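Participant: Below: one structure in structure tokens.
In our numbering, the protein residues as written are 53 to 121.
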């Protein structure tokens with residue numbers, strides 16, 4: 053069963069809780085070739101609150117209370 057619609061996503065956050073996201077589609081021509089990446093979503097501002105980044109925000113001195121609003 054082939055894997056379909058794989059994606060690599062990177063989310064960045066700074067101490068002011070500014071966030072950016074970019075993702076790539078993982079393309080596999082066949083089982084013998086190495087996968088390649090195609091950009092699928094350009095850099096965008098993330099309006100959602102990535103709660104999984106709360107510990108990162110705290111570690112870089114950001115205000116984690118901004119995640120509660």
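All C-beta atoms, glycine included, are put in the ideal place defined by N, C-alpha and C.
On a predicted model such as this, the values are computed, not experimentally measured, just so you know.
Could you give the residue range of the alpha helix (DSSP H) that holds residue 110?
Facilitator: As a position in the chain shown, residue 110 is number 58, starting the count at 1. 106-111 is the extent of the alpha helix (DSSP H) around residue 110.
Participant: Give every residue of the same chain whose Cβ lies closer than 8 Å to the Cβ of residue 59, excluding the five residues on either side of it in the sequence, and list them in chain order.
Facilitator: Start at 1 with the first residue of the chain shown, and residue 59 comes out as number 7. Excluding sequence neighbours, residue 59 sits near 75, 76, 77, 78, 92.
Participant: Could you say if the region 55-70 and the region 105-112 meet the contact criterion of at least three C-beta pairs nearer than 8 Å?
Facilitator: Yes, the region 55-70 is in contact with the region 105-112.
Participant: Please report the straight-line C-alpha distance between residue 90 and residue 120, rounded to a whole angstrom.
Facilitator: By 1-based counting over the chain shown, the position of residue 90 is 38. By 1-based counting over the chain shown, the position of residue 120 is 68. Each residue's Cα considered, the two are about 35 Å apart.
Participant: Got a sec, what are the start and stop residues for the beta strand (DSSP E) residue 72 sits in?
Facilitator: Residue mapping note: residue 72 aligns to position 20 of the chain shown, counting from 1. Taken as a continuous stretch (DSSP letters only), the beta strand (DSSP E) holding residue 72 covers 71-79.
Participant: Leaving aside the five residues before and after residue 87 along the sequence, list all residues of the same chain whose C-beta is less than 6 Å from its C-beta, in chain order.
Facilitator: Within the chain shown, the letter at position 35 stands for residue 87. Once the five neighbours on either side are set aside, the close Cβ partners of residue 87 are 78, 80.
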